[in-house]
Amino acid sequence: MTSQFILFSLLKVLCVFSVLMFIVGNAVWVERKVSAFIQDRRGPNRVGPFGLFQLIADAIKGFLKEDFTPGHVRKAYYWLAPAIVMVPSLLTVAIIPFGSLLGSQKMVIADLNVGILYTFGIVSLAVYGIVLAGYAARSKYPFLGSIRSSAQMISYEIAMGMSVVPLFLIACDPKGIRDLGNGWREAWQTFLAGTSSLNLSRLVAWQADHCWLIIYAPLSFGIFLAAMFAETNRLPFDLPESEQELAGGYNVEYSSMKFMLFFMGEYASMTVSAALLTTLFLGGWTLPIPGLDRPASTIPLGLLQIAVFLAKMLIVEFIIIWVRWMWPRFRYDQLMALGWRRFIPLALANILITAVALWIKPGH
Amino acid sequence: MENFFFYFFAALTLIFAFLVIANPFSNNPVTSAMFLVLTIASLAGLFVLLHAYFLAAVQVLVYAGAVMVLFLFVIMLLDLKAEEERHIRAFGLGAGLISVGAIVSIFLISLLKAPLLSNPAPIVHGDTLALGKLLFNQYSLPFEIVSVLLLVAMIGVVLLSKKELK
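In order, the protein sequence lines correspond to chains A and B.
Numbered by the numbering used here, the letters in the first sequence go through residues 3 to 366 in order.
Numbered by the numbering used here, the letters in the second sequence go through residues 1280 to 1445 in order.
Dropping the structure here:
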């Protein structure tokens, strides 16, 4: 039992990791192509058909460039920071249910009952990589960038965390839910055995049974989406690395593979946020089609559900990329005002309204 | 297996905690803060071993993710040179020893007075639902008082950080 568990977990980790890295690499290509299309350029078109092998060329370039360490940096942190940037996104992906069942294996690496809390715990650690990078550089622009980013990420984490509270209020409401054991459709009962209220698989099950949570909690979706852009340091909130003001921000002093790691870290966190958004608001691996709205009974169906999840995730990721090339950057004080004066009160009101609505709603 | 993990995380916690206050390799406050983050993370590991998953997650979320980042923030914005060159003074040492001694004696007394449990490893039900029910029913008054306390502290900070009062 135990050795089998370890074997299957390792297998899942390996698969998820390689798929994630593949998406990260190709997201860069998509980003360049989309930006080229929007700006009426051609984009990468030299390496392979449609420039598809650009990823390989970039990787080789990253490895072969001189890995220069400036003399004035703090060595230990300088080496540590790029690694820390990558880790949180890789840890978060562990609890995202990317499919239902293949054989008897649940398609999630760690089906934690504290689910969403674990996610936010790990996401909140993401700021260290950037802060340490700025600190290690011992020069002004990176330092300003890292200070900005820590303030920004902490601020938007609060809004993000509060925006998902209504989801769990709705999905765990004993009046609305056909509770586990008495009323969850039979297919779900064994699948959800042993899970509790904050589990992400359960949220997916609820959405398959009712409707996607984006319909029930559109305000939450809006706040989460905006906070997601801020958390991943993407435009319109990419102030930690705004070129005009900070010459590149926290990664100014980095070169070669260490710089690539920052780059990959950004795309990895983007991919993972897209996966999280899909799970929380867009029904995860389910589609409201008979057969796809319950745990798979056959292997092809299981694979199809994984494909559904990946498709949804990639659409969200495409939108993230798209937004970057359509929006100007916020000014820093606007960013802070938006986070603290708009999103946080709005998220609080959202929680209150949802709770009251669920309270006065007649029970079954 | 669980025993091994307990000793592993306990050892890590102690080593990291030691490195927070007396790091032989560096006087840098940022390094101390980073070791405090690691201490908190290994404490979260101990909570997981006690089946208190909620506490573990919140420990990482609140302390490692939010409080320590603000600590780092403050340390980086302060002048570090003065701090790095500071030496231990007799008064600080004496005051520290007295307070540590007091805390240790409180711990020892309560440990010795506590009845031995027949079952040495009770499973704590760290389920979020159970915890929420306890907080909002049985312990709702202390919970609210703590909330008010935090609110007071928050308003105090806002008041202090305002340059001029209108």
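From the three backbone atoms N, C-alpha and C, an ideal C-beta is built for every residue, glycine too.
Please read these numbers as outputs of a predicted model, since none were measured by experiment.
Query: Could you give the distance in angstroms between the alpha-carbon of I58 (chain A) and the alpha-carbon of A339 (chain A)?; Result: 42 Å
Query: So with Cβ pairs under 8 Å, would you call L9 (chain A) a contact of chain B?; Result: no
Query: Between the segment 268-286 of chain A and the segment 226-240 of chain A, are three or more C-beta pairs nearer than 8 Å?; Result: yes
Query: Using a C-beta to C-beta distance shorter than 7 Å, which residues of chain A count as neighbours of G1344 (chain B)?; Result: G123, S126 and L127
Query: Closest to A112 (chain A) by CA distance: which of A:S148, A:D42 and A:V18 is it?; Result: A:V18
Query: For a cutoff of 8 Å on Cβ pairs, would you count Y252 (chain A) as touching chain B?; Result: no
Query: Would W342 (chain A) and S222 (chain A) qualify as a contact pair, given that the criterion is a beta-carbon distance under 8 Å?; Result: no
Query: I'd like the span of the alpha helix (DSSP H) that includes L1391 (chain B), first residue to last.; Result: A1369 to K1392
Query: Considering only the beta carbon of each residue, do S203 (chain A) and V110 (chain A) sit closer than 8 Å?; Result: yes
Query: Do we get a CB-CB distance below 8 Å when we pair A1336 (chain B) with the residues of chain A?; Result: yes
Query: Thinking just about the alpha-carbon of each residue, which of B:D1406, B:V1327 and B:P1303 is nearest to the one in F1287 (chain B)?; Result: B:V1327
Query: Shorter than 8 Å from the beta carbon of M1433 (chain B) to some beta carbon of chain A?; Result: no
Query: Per DSSP, Q107 (chain A) forms a beta bridge with which residues?; Result: A:L104
Query: Ignoring anything shorter than 4 residues or poking outside the segment 44-71 of chain A, list the alpha helix (DSSP H) runs there in chain order.; Result: 56-66
Query: In this structure, how does DSSP classify M1280 (chain B) when only helix, strand and coil are distinguished?; Result: coil
Query: Are the CB atoms of I124 (chain A) and S151 (chain A) within a distance shorter than 8 Å?; Result: no
Query: Please check if any C-beta of chain B sits within less than 8 Å of the C-beta of I156 (chain A).; Result: yes
Query: As a quick exercise: from A:K363, A:G73 and A:S102, pick the residue whose alpha carbon is nearest that of R140 (chain A).; Result: A:G73
Query: Quick one, are the C-beta atoms of D1 (chain A) and M259 (chain A) less than 8 Å apart?; Result: No information on residue 1 (chain A) is available, as it lies outside the stretch 3 to 366 that chain A covers here.
Query: Which residues, in chain order, does the segment 132-150 of chain A contribute to contact with chain B at a C-beta distance below 9 Å?; Result: V133, L134, G136, Y137, F145, S148 and I149
Query: Among B:E1281, B:I1434, B:M1347 and B:L1298, whose alpha-carbon lies nearest the alpha-carbon of L1329 (chain B)?; Result: B:E1281
Query: Which chain A residues are close to F1352 (chain B), counting only those with a beta carbon under 9 Å from its beta carbon?; Result: V133, I149, S152, A153 and I156
Query: Go through the segment 1329-1354 of chain B residue by residue and report every complete run of the alpha helix (DSSP H) that reaches 4 residues or more, in order.; Result: 1332-1337
Query: Which residue marks the beginning of the alpha helix (DSSP H) containing C213 (chain A), and which one marks its end?; Result: No alpha helix (DSSP H) contains C213 (chain A), which DSSP labels as neither H nor E.
Query: Please look up how many angstroms separate the CB atoms of L169 (chain A) and L134 (chain A), rounded, as I've assumed it's under 8 Å.; Result: Not quite, the Cβ-Cβ distance comes to about 33 Å (not below 8 Å), so this is no contact.
Query: S1447 (chain B) lies in the alpha helix (DSSP H); which residues open and close that run?; Result: Residue 1447 (chain B) is absent from the model: chain B starts at 1280 and stops at 1445.
Query: Going along chain A in order, which residues have a C-beta closer than 8 Å to the C-beta of F1333 (chain B)?; Result: V116 and L119
Query: Give a yes or no on contact between the segment 89-109 of chain A and the segment 43-52 of chain A, applying the rule of three or more CB pairs nearer than 8 Å.; Result: no
Query: Taking its Cβ as the centre, do 16 or more other Cβ atoms sit within 10 Å of Y256 (chain A), making it buried, or is it exposed?; Result: buried
Query: Within the 8 Å Cβ cut-off, does I346 (chain A) reach chain B?; Result: no
Query: Provide the residue span of the alpha helix (DSSP H) that contains F1304 (chain B), from first to last.; Result: Note, F1304 (chain B): premise wrong, no alpha helix (DSSP H); not H, not E.
Query: Is any heavy atom of the ligand PLP found at a distance shorter than 7 Å from the C-beta of W190 (chain A)?; Result: This structure simply doesn't include the ligand PLP, nor any ligand for that matter.
Query: Report the option in A:L119, A:L241, A:Q6 and A:A195 whose CA atom is closest to the CA atom of R331 (chain A).; Result: A:L241
Query: Grouping DSSP H, G and I as helix and E and B as strand, with all else coil, what is N1416 (chain B)?; Result: coil
Query: For chain B, find out if any of its Cβ atoms is closer than 8 Å to the Cβ of L215 (chain A); answer yes or no.; Result: no
Query: Using three-state DSSP, classify I97 (chain A) as helix, strand or coil.; Result: helix
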